[in-house]
Structure formats: structure tokens, C-alpha cells
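Read left to right, the sequence shown gives residues 0 to 176 (numbering that gives the first Met the number 0). No residue lacks a Cβ here, since even glycine has one placed at the ideal position from N, Cα and C. This structure is a prediction, so every number in the text was calculated from the model and none was measured. A short worksheet on the structure shown next.
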Amino acid sequence: MTKKILIFLLSFFCIFYQHIQAKEDKKQKSANNTLDAITTATPILKTEDIRNFNIKIISFGYKYGVPVESNIIMDVNLLPNPHFDKELKENNGFNLKVKNYILSSKITKQFLDNLYKFLDSTIPMYIKQEGGRNNLVIGIGCEGGTHRSVVIAEAVNKYLKERKYKVEVLHRDINKK
């Protein structure tokens with residue numbers, strides 16, 4: 000009797016494992032199809048498309064209000080906050096120590112990687128949207144608008160300029176206290 004139960008359990012686990020594996024394969028195939036759909040949906044841009052398109056990045060502090068002209072808002076409050084470090088608190092996002100404090104974080108690196116992917120896929124859609132569009136405003140906000148939003152806005156500025164976009168940056172709340 001014990002041998003039959005053992006064989007039954009072994010058969011059950013084999014079938015169960017195959018079922019789980021089939022579900023995982025289906026999930027992976029679905030994820031690949033989604034990625035293919037996004038890649039296919041992203042328009043291919045010509046140099047003239049990029050040259051005629053203006054991007055404005057506004058760093059801001061939520062306590063002073065969200066820029067109403069923004070098409071995209073990115074919240075960077077999840078990143079390390081120099082405000083709580085006595086040595087960094089009085090500086091802004093242009094200070095090298097503040098910049099290193101924020102950019103050296105693993106979560107910041109992951110956030111920027113995901114943000115760059117998002118921008119790479121959405122900016123072409125804004126450029127090629129029906130009816131034409133010649134500008135995009137990206138708001139990047141943190142609580143006060145002096146540290147994290149400034150650092151990330153500058154990182155995004157550099158990234159987009161490397162891709163030949165025309166970019167203007169406004170640090171709206173950097174001098175507010």
C-alpha cells in the first residue's frame with residue numbers, strides 16, 4: 000500500500016510540476032508578446048522629427064504645486080533624500096556631494112533605467128501623434144524641489160541630449176525655502 004501511495008504522489012507531483020511549468024511558459028510568451036507590441040508600436044523617428052521637437056523638463060517641489068503645463072509627471076520622492084543629512088541639507092542638486100548621494104543609490108539607478116526606457120518608448124509616440132505635436136513638458140517632482148528633482152532632471156536632460164533631442168531645463172523651486 001505504501002508503495003502505491005508513493006507512486007501516486009510522485010505522479011501527482013510530476014503532473015503538478017508540468018502544469019506549473021506550462022503556466023510559466025505561457026506567462027513568458029505573453030510578456031514577450033507585450034514587449035514585441037511595445038517595440039512595434041514605437042514609431043521610428045527621422046532626424047528632422049527630433050530637431051523639430053522641443054522637450055522642457057521642470058524640476059519642482061510638490062509643496063509649491065505641480066506644474067500645470069506638464070504632460071508627464073515623475074515623482075522622485077522614493078529616492079534617497081539629502082534633506083535628512085546635516086551635511087547635505089543646505090545644498091541643492093547641483094552640489095557634487097548631493098548628486099553623488101542620490102545617484103549612487105541602487106534604487107536611483109533602477110529608477111533611472113526604467114525612466115529612460117519609458118521615455119525612449121513614449122517620446123516617439125508624442126512626436127508622431129496624430130495632428131502633430133512639437134513639444135513635451137516633463138515635470139520631475141520631490142517634496143521641496145531642491146535636491147532629488149534637480150538631480151534627476153539634470154540626468155534626464157543629459158540622457159535626452161545624448162539622443163539629439165532639444166531640451167530645456169527649468170528648476171522652478173530650487174531657490175525656495
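In three-state DSSP terms, what is residue i?
| i | result |
| --- | --- |
| residue 56 | strand |
| residue 68 | coil |
| residue 139 | strand |
| residue 80 | coil |
| residue 98 | helix |
| residue 172 | coil |
| residue 153 | helix |
| residue 161 | helix |
| residue 134 | strand |
In whole angstroms, what is the alpha-carbon distance linking residue i and residue j?
| i | j | result |
| --- | --- | --- |
| residue 151 | residue 139 | 7 Å |
| residue 153 | residue 168 | 8 Å |
| residue 163 | residue 75 | 25 Å |
| residue 85 | residue 91 | 13 Å |
| residue 87 | residue 73 | 23 Å |
| residue 77 | residue 125 | 27 Å |
| residue 80 | residue 68 | 26 Å |
| residue 123 | residue 143 | 31 Å |
| residue 155 | residue 104 | 16 Å |
| residue 116 | residue 159 | 12 Å |
| residue 113 | residue 119 | 10 Å |
| residue 133 | residue 173 | 27 Å |
| residue 108 | residue 128 | 30 Å |
| residue 190 | residue 102 | An answer regarding residue 190 cannot be provided, because it is not within the stretch 0 to 176 covered by the chain. |
So the candidates are the options; which of them puts its Cα closest to the Cα of residue i?
| i | options | result |
| --- | --- | --- |
| residue 201 | 57, 72, 135 and 114 | Only positions 0 to 176 of the chain appear in this structure, which leaves residue 201 out of reach. |
| residue 96 | 59, 109, 82 and 108 | 82 |
| residue 110 | 59, 147, 64 and 133 | 147 |
| residue 93 | 170, 66 and 176 | 170 |
| residue 64 | 161, 141 and 174 | 141 |
| residue 70 | 121, 145 and 100 | 121 |
Would the beta-carbon of residue i be found less than 8 Å away from any heavy atom of the ligand GDP?
| i | result |
| --- | --- |
| residue 85 | The ligand content of the structure shown is nil, which means the ligand GDP is not present either. |
Pull up the CB-CB distance for residue i and residue j, whole angstroms please, since I reckon it's below 8 Å.
| i | j | result |
| --- | --- | --- |
| residue 136 | residue 62 | In fact, because the Cβ distance is near 20 Å, the residues do not count as touching under 8 Å. |
| residue 52 | residue 165 | 7 Å |
| residue 60 | residue 175 | 7 Å |
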